[in-house]
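Data first, discussion second: the structure below is written as structure tokens.
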Amino acid sequence: MKLKFTKMHGCGNDYVYFSTFDQAVPHPEELAVRLSDRRKGIGGDGVILIHPSKVADARMQMFNLDGSEGKMCGNGIRCVGKYIYDHGIAKKPVVTVETLSGIKTLELTVENGRATAARVDMGAPILTPEKIPTTLCAGQAQAVDVPLAAAGKEWRVTCVSMGNPHCVIFVPEDPMALDLEKIGPEFEHHPAFPEDVNTEFVQVLDATHLNMRVWERGSGETMACGTGATATAVAAVLNGISPRNEDITVHLRGGDLIIRVTGETAYMTGEAVEVFEGTVEV
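Here our numbering is used: the first residue of the sequence shown is 189, the next is one more, and so on.
Below you can see the structure in the form of structure tokens.
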């Protein structure tokens, strides 16, 4: 069968998007493995399906490149917002997208009739260790700046969920100097995280500028991670590094995301870019 797709990215975090408004897309977990390959497939960090929804303007379903399903994708949801606006599914400046982490509201930036960026209400950070989930600080309210032994040394970590679990580590050096191919899996599959974890290695440039590198569960290192950038800003606030209610710029390998952490929620702002449309035979 032939399937129509759109290749899009946010800060270099690229996915292959399929709309099910006008076509059936069977076995998306298998498609994610096959089509994410950058030599033998289309290439991407995974596959995202855009479905009709009874409770929002569209429903988003995301699969990592290993075929595992994710609950939320910050860069991906901005591109979903762009898609449903550009294709006339919801031609309005504020749209809603249903995810496994709840319904998210997006404020779109529109130029020349097309959406180019979005501000996403990411919802309240989850800090309770059992809900993240992590076994660190079990029974306590938070796991902030706590020790964790991994990859042959002890690290200070802060655990946050933005719909999926994150382990944020503030490091003194440029995170590009880290051997992430070796270190990343040690955190991803650490026994302290029963559902595996996304790990952010963060250098503090100043109170409102953070330099981040990410290892995502199920995908490895990616150019950017929207929920990871949000979790990083939340962790910076919790550790007294960054202020609440101010824009925090998170520098990623693929570009910048702007995060604002309030007392009730966190907002993420960034680009949404269409690369090309095509048809693939499967």
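C-beta: ideal position from N, C-alpha, C; glycine also.
Since this is a predicted model, take the numbers as computed values, not measurements.
- In this structure, the CA atom of Val-282 is about 43 angstroms from the CA atom of Ala-338.
- Spanning the alpha carbons of Gly-290 and Pro-321 requires a straight line of approximately 17 angstroms.
- Every unbroken stretch of the beta strand (DSSP E) spanning 3 or more residues and falling wholly within the segment 303–372 is given here in chain order: 334–338, 341–349 and 353–358.
- Taking a cut-off of 8 angstroms on C-beta distances, the segment 213–222 touches the segment 248–255, as three or more cross pairs fall below it.
- Contact between Met-196 and Cys-267 holds, with the beta-carbon distance rounding to 4 angstroms and staying under 8 angstroms.
- The closest CA to that of Arg-441, considering only Thr-387, Leu-426, Arg-405 and Pro-363, is found on Pro-363.
- Annotation for Trp-343: Leu-336 and Ile-357 place their beta carbon closer than 6 angstroms to its own, counting only its chain and skipping 5 residues before and after.
- Pairing Val-308 with Lys-292, the inter-Cα distance amounts to about 7 angstroms.
- Sixteen is the threshold: since fewer than 16 other Cβ atoms of the shown chains lie within 10 Å of the Cβ of Arg-227, the residue is exposed.
- In the assembly as shown, His-354 is a buried residue. Its beta-carbon has 16 or more other beta-carbons within 10 Å.
- Around the beta-carbon of Phe-381, 16 or more other beta-carbon atoms lie within 10 Å, marking it buried.
- Taking 7 angstroms as the cut-off, the beta carbon of Thr-457 is found no closer than this to the beta carbon of Asn-201.
- A direct Cα-to-Cα measurement between Val-422 and Gly-229 gives close to 36 angstroms.
- The beta carbon of Ile-236 sits closer than 8 angstroms to the beta carbons of Tyr-203, Val-204, Tyr-205, Phe-206, Met-248, Gln-249, Met-250, Phe-251, Cys-261, Gly-264, Cys-267 and Val-268 from its chain, once the five residues preceding and following it are set aside; these are given in chain order.
- With a 10 Å radius around the Cβ and a threshold of 16 neighbouring Cβ atoms, Asn-352 comes out buried.
- For Arg-226, there is no enclosing alpha helix (DSSP H), as DSSP gives it neither H nor E.
- With a contact defined as Cβ atoms closer than 8 angstroms, Thr-287 and Ala-460 miss out at about 16 angstroms.
- By the 16-neighbour rule on beta-carbons within 10 angstroms, Arg-302 is exposed.
- Closest by C-alpha distance to Thr-316, out of Ser-241, Leu-366 and Gln-330, is Gln-330.
- Its chain contains Ala-338 as the residues whose beta carbon lies nearer than 6 angstroms to that of His-378, once the 5 sequence neighbours on both sides are disregarded; these appear in chain order.
- Cβ contact annotation for Asp-333 (same chain, cutoff 7 angstroms, sequence separation greater than five): Arg-344, Thr-346 and Asn-427, in chain order.
- Under the DSSP assignment, Lys-270 falls in the alpha helix (DSSP H) whose first and last residues are 262–274.
- Looking at the backbone, the Cα of Ser-256 and that of Asn-386 are separated by about 14 angstroms.
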